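Residue numbers (our numbering): 18 to 210. Even for Gly, the Cβ is constructed at its ideal location relative to N, Cα and C. Predicted, not measured: the structure shown is a model, and the values here were computed from it.
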């Protein structure tokens, strides 16, 4: 991995299917492993999402984020993590391969893509620049005008505007854009057989 990639935040996603009747134990395990990870340098957070497949069997996606690849690997190779993984072996019917995303890849995850293909970097850059350009010329001036009557320091206004922009991009805009442009973003180059 290149030195520049090692400095980017890393998001690790693991999909788990707990054994029937062990949902509470699975959630307890998740909270325990999250608490252990939180004590490691560079830990940015952990979340769990539940999906119901076939209307009966839940599947969980566990997301753990670290500020750098190096700090993520310290956690991955830690005694604490290995102990938690060993404790979890009786809980799950299935553990799908983990996915690690760095930098912009997190914004471009295809939700319905089972192969976990990430778009080429130049495509991610084009889409991200386009969205930021549009926000910089529409949303940010609108927010600035809205914050002016509050007479806050310009840096506070700017900081709040960036927070709003990033939250919108992360939870609304980029998932929508990724879905709309998925045919282009995730298009595989055909290779001769």
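Residue i burial status per 10 Å Cβ neighbour count (16 or more: buried)
i, result
"residue 174", "buried"
"residue 104", "exposed"
"residue 24", "exposed"
"residue 183", "exposed"
"residue 130", "Any reading at residue 130 must be qualified, since the residue scores a pLDDT of 49, below 50, and its modelled position is unreliable; the value itself is stated next. Label assigned to residue 130: exposed."
"residue 187", "exposed"
"residue 169", "exposed"
"residue 46", "buried"
"residue 197", "exposed"
Where residue i falls: helix, strand or coil (DSSP)
i, result
"residue 195", "helix"
"residue 64", "strand"
"residue 138", "helix"
"residue 110", "strand"
"residue 48", "helix"
"residue 33", "strand"
"residue 28", "strand"
Given residue i as reference, the closest of the options once Cα atoms are compared
i, options, result
"residue 201", "62, 54, 47, 144", "144"
"residue 42", "25, 184, 79, 107", "107"
"residue 156", "185, 139, 77", "185"
"residue 67", "32, 95, 97", "32"
"residue 178", "195, 29, 190, 153", "153"
"residue 193", "148, 48, 94", "148"
"residue 35", "181, 55, 79", "79"
"residue 75", "111, 140, 180", "111"
Where the beta strand (DSSP E) containing residue i begins and where it ends
i, result
"residue 75", "74 to 83"
Enclosing alpha helix (DSSP H) for residue i [first to last residue]
i, result
"residue 105", "96 to 105"
"residue 185", "171 to 185"
"residue 160", "156 to 164"
"residue 86", "86 to 93"
Determine contact between the segment 95 to 103 and the segment 156 to 165, defined as no fewer than three beta-carbon pairs at a distance below 8 Å.
no
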